[in-house]
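What follows is a short report on a single structure.
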Amino acid sequence: METRFNVFEILQIAERVEHNGAKFYLKTAELLDDPEVRDICYKLASWKARHEKVLALRRKRFAEQTGEFGTFDPDNYVLSNPDVMADLAVFATKPGSLKGPLSLENRQEIFKDAIRRAKEAIVFYQGLKDFARDPASEDTIDTIIKEEKRHIRLLTEELEQK
Numbered sequence: 005m006e007t008r009f010n011v012f013e014i015l016q017i018a019e020r021v022e023h024n025g026a027k028f029y030l031k032t033a034e035l036l037d038d039p040e041v042r043d044i045c046y047k048l049a050s051w052k053a054r055h056e057k058v059l060a061l062r063r064k065r066f067a068e069q070t071g072e073f074g075t076f077d078p079d080n081y082v083l084s085n086p087d088v089m090a091d092l093a094v095f096a097t098k099p100g101s102l103k104g105p106l107s108l109e110n111r112q113e114i115f116k117d118a119i120r121r122a123k124e125a126i127v128f129y130q131g132l133k134d135f136a137r138d139p140a141s142e143d144t145i146d147t148i149i150k151e152e153k154r155h156i157r158l159l160t161e162e163l164e165q166k
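Numbering (the numbering used here), first residue to last: 5 to 166.
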């Protein structure tokens, strides 16, 4: 059985990735002692939450314009629940793991880790293109990849500020 996602479902996956990222950074911030580093995690969580809202709005507009929504297929759990794909992505690690064995508790290391995670998101989305239903779905993924590359540039600028 072949699983192919439409634009609506791809945006739904991307929303979940951003939601997971926001949750990850919020929970990580709660575990950190350094106020500056904690604030960086809150800032990253805020970025992720804003991007989640942008993607949700994009998904809503797509559905309104096309009448196309998610697919329900009782024989294909992943297709009926595309957000499970997102749970395989970059923020599938345990929240707070920044403070775990890696002990990433300084400003530079937090931004380096965020850049690494954004690069992992790009790899995830490039792989997701193999599951795109049509050219519009592939274009949506390409747009999301461009946004992730923009995030990398912004994170790199933040990293270089100190």
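Each residue gets a CB set at the ideal place from its N, CA and C atoms; glycine is no exception.
Residue burial is scored here from C-beta neighbours: S50 has fewer than 16 other C-beta atoms within 10 angstroms and is therefore classed as exposed. Distance from the CA of D143 to the CA of N110, rounded to the nearest whole angstrom, comes to 37 Å.
Y129 sits buried, since 16 or more C-beta atoms from the chains shown fall within 10 Å of its C-beta. Your pair V11 and F76 does not check out as a contact, with CB atoms roughly 16 Å apart and the cut at 8 Å.
For the pair of segments examined, the segment 44 to 59 was found to touch the segment 24 to 33: the number of CB pairs separated by less than 8 Å reaches three. Considering only E124, A33 and T147, the residue with the shortest C-alpha distance to L59 is T147. With respect to the C-alpha of V82, the residue from L163, T70, E113 and I17 having the closest C-alpha is I17. Under the three-state reduction of DSSP, A93 is assigned to coil, being neither helix nor strand. Judged by beta-carbon spacing, I114 lies beyond the 7 Å limit of E152, meaning their Cβ atoms are not closer than that value. In the three-state reduction of the DSSP assignment, F66 falls in the helix class.
Here E13 is near G74, since their CB atoms are less than 7 Å apart.
In this structure, R63 lies away from V94, with their beta-carbon atoms at least 7 Å apart.
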